[in-house]
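Take a look at the structure below.
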Ligand SMILES: Nc1ncnc2c1ncn2[C@@H]1O[C@H](COP(=O)(O)OP(=O)(O)OP(=O)(O)O)[C@@H](O)[C@H]1O
């Protein structure tokens with residue numbers, strides 16, 4: 001029987017940055033298979049290589065050795081099938097909320113959807129992140145949380161196979177962050193897209209993820225442990241607080257980060 005190919009396969013990946021005669025092996029032998037529709041978080045101490053790993057999947061930087069396959073095709077350049085959402089939204093300040101999303105829609109769908117369809121699709125994704133009402137505002141006229149919603153809408157609008165989220169809620173206050181986490185859970189439930197998210201927040205990782213990838217400290221960081229989060233969905237943050245599975249998962253990540261792989265400040 002033919003072996004089933006994983007949706008995203010990261011196999012034996014090494015990443016070394018070289019400048020002049022010095023080289024820094026950031027990632028060592030990173031291997032994992034991710035299934036379609038999974039929500040996977042990557043957690044690890046500062047500087048271990050989380051963003052580097054995300055950039056490799058995005059195709060923004062090449063692997064030194066090993067390989068990344070998406071639906072059995074090698075990833076070696078950026079593409080609209082992998083949309084990245086950064087911590088600091090990167091909206092164009094002179095365009096409205098609508099036009100910031102529409103630009104991405106036009107880029108990806110100009111040959112495949114009519115003008116009216118592209119308009120409807122733009123409004124649909126803005127409504128998904130609850131930003132339809134603010135479509136005519138410019139980035140300077142909306143809050144940080146709203147900007148992040150537009151960034152997520154823009155990424156979603158490209159119908160990517162994989163959403164790559166680099167600390168998407170890191171710059172937001174706790175309440176805004178909670179609202180956006182709820183939105184992303186609703187979007188994930190509705191669209192069933194594959195999400196890979198970097199976070200420093202243990203509660204966020206447990207709340208959102210199907211699996212949590214825990215990275216060891218660098219240099220030569222690798223995947224230390226992978227935790228399955230078996231909590232059923234939809235998940236409600238208030239109900240989880242006293243849920244034994246939630247408490248156990250949270251404890252497992254905290255123990256990994258603060259007992260087995262403590263952060264040691266470089267001398
Ligand atoms: N383009 C680059 N050239 C050289 N070194 C780099 C480059 N990008 C990252 N690094 C190095 O790779 C290591 C990992 O960086 P990376 O940003 O991936 O870590 P991180 O886990 O995402 O950190 P943080 O949690 O603080 O954002 C660091 O030592 C960094 O200096």
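In UniProt numbering, the protein residues as written are 1 to 267. Using N, Cα and C, we set each Cβ at its ideal position, and we do this for glycine too. Quick caveat, the model's predicted, so the values are computed rather than measured.
Residue i to residue j span [Cα, whole Å]
| i | j | result |
| --- | --- | --- |
| residue 176 | residue 145 | 6 Å |
| residue 88 | residue 148 | 8 Å |
| residue 101 | residue 119 | 10 Å |
| residue 191 | residue 129 | 13 Å |
| residue 243 | residue 11 | 35 Å |
| residue 185 | residue 9 | 24 Å |
| residue 82 | residue 40 | 15 Å |
| residue 252 | residue 42 | 14 Å |
| residue 124 | residue 220 | 43 Å |
| residue 247 | residue 181 | 19 Å |
| residue 264 | residue 200 | 16 Å |
| residue 173 | residue 116 | 37 Å |
| residue 97 | residue 20 | 43 Å |
| residue 166 | residue 232 | 25 Å |
| residue 241 | residue 136 | 39 Å |
| residue 141 | residue 215 | 38 Å |
| residue 55 | residue 61 | 6 Å |
| residue 197 | residue 208 | 9 Å |
| residue 158 | residue 57 | 17 Å |
| residue 235 | residue 127 | 22 Å |
| residue 153 | residue 104 | 10 Å |
| residue 162 | residue 71 | 11 Å |
| residue 49 | residue 160 | 24 Å |
| residue 76 | residue 212 | 25 Å |
| residue 16 | residue 36 | 29 Å |
Residue-level contact to chain B via CB, residue i, 8 Å cutoff
| i | result |
| --- | --- |
| residue 234 | Protein chain content of the structure displayed is limited to a single chain, and chain B is not contained in it. |
Burial state of residue i (16 or more Cβ within 10 Å)
| i | result |
| --- | --- |
| residue 311 | Residue 311 lies beyond the range of the chain shown here (1 to 267); nothing can be said about it. |
| residue 169 | buried |
| residue 256 | buried |
| residue 210 | buried |
| residue 29 | exposed |
| residue 217 | buried |
| residue 202 | buried |
| residue 44 | buried |
| residue 133 | exposed |
| residue 164 | buried |
| residue 226 | exposed |
| residue 258 | exposed |
| residue 238 | exposed |
| residue 155 | buried |
| residue 194 | buried |
| residue 38 | buried |
| residue 5 | exposed |
Under the three-state DSSP convention, the category residue i falls into
| i | result |
| --- | --- |
| residue 158 | coil |
| residue 171 | coil |
| residue 55 | helix |
| residue 245 | helix |
| residue 183 | helix |
| residue 144 | helix |
| residue 256 | helix |
| residue 150 | helix |
| residue 22 | strand |
| residue 177 | helix |
| residue 250 | helix |
| residue 233 | coil |
| residue 164 | strand |
| residue 188 | helix |
| residue 239 | helix |
| residue 50 | helix |
Per DSSP, the bridge partner or partners of residue i
| i | result |
| --- | --- |
| residue 40 | 196, 211 |
| residue 27 | 15, 221 |
| residue 228 | 211 |
| residue 205 | Beta-bridge pairing links residue 205 to no other residue. |
| residue 8 | 34, 70 |
| residue 84 | 164 |
| residue 65 | 14 |
Please list the segments of the alpha helix (DSSP H) lying wholly inside the segment 98-138, counting only runs of 4 or more residues, in order along the chain.
115-128
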